[in-house]
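Peer 1:
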């Protein structure tokens, strides 16, 4: 299926980092993570390509 896919991941629990890593393997996927503000620091330590933060 051609074109960019927009994926929303709800939460940033223990399985979120492997899930995000898997989803970002495909450059056609645009992944957004919705989580509590105090959990953002945990995800920000991970090295995912093309990270951007939405307030």
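Residue numbers (the numbering used here): 1 to 55.
In this text, a Cβ means the ideal position worked out from N, Cα and C, and glycines have one as well.
Note that the structure is a prediction, hence the values are computed from the model and not measured.
Kindly indicate which three-state DSSP category residue 30 falls into: helix, strand or coil?
Peer 2: Residue 30: strand per DSSP, three-state reduction.
Peer 1: Between the Cα of residue 33 and those of 26, 16 and 27, spot the shortest distance and give me the residue it belongs to.
Peer 2: Comparing Cα-Cα distances from residue 33 to each of 26, 16 and 27, the minimum goes to 16.
Peer 1: Per DSSP, residue 25 is paired with what?
Peer 2: Per DSSP, none; premise fails for residue 25.
Peer 1: Tell me which residue opens and which closes the beta strand (DSSP E) that residue 9 is part of.
Peer 2: Counting along the chain, the beta strand (DSSP E) containing residue 9 begins and ends at 5-10.
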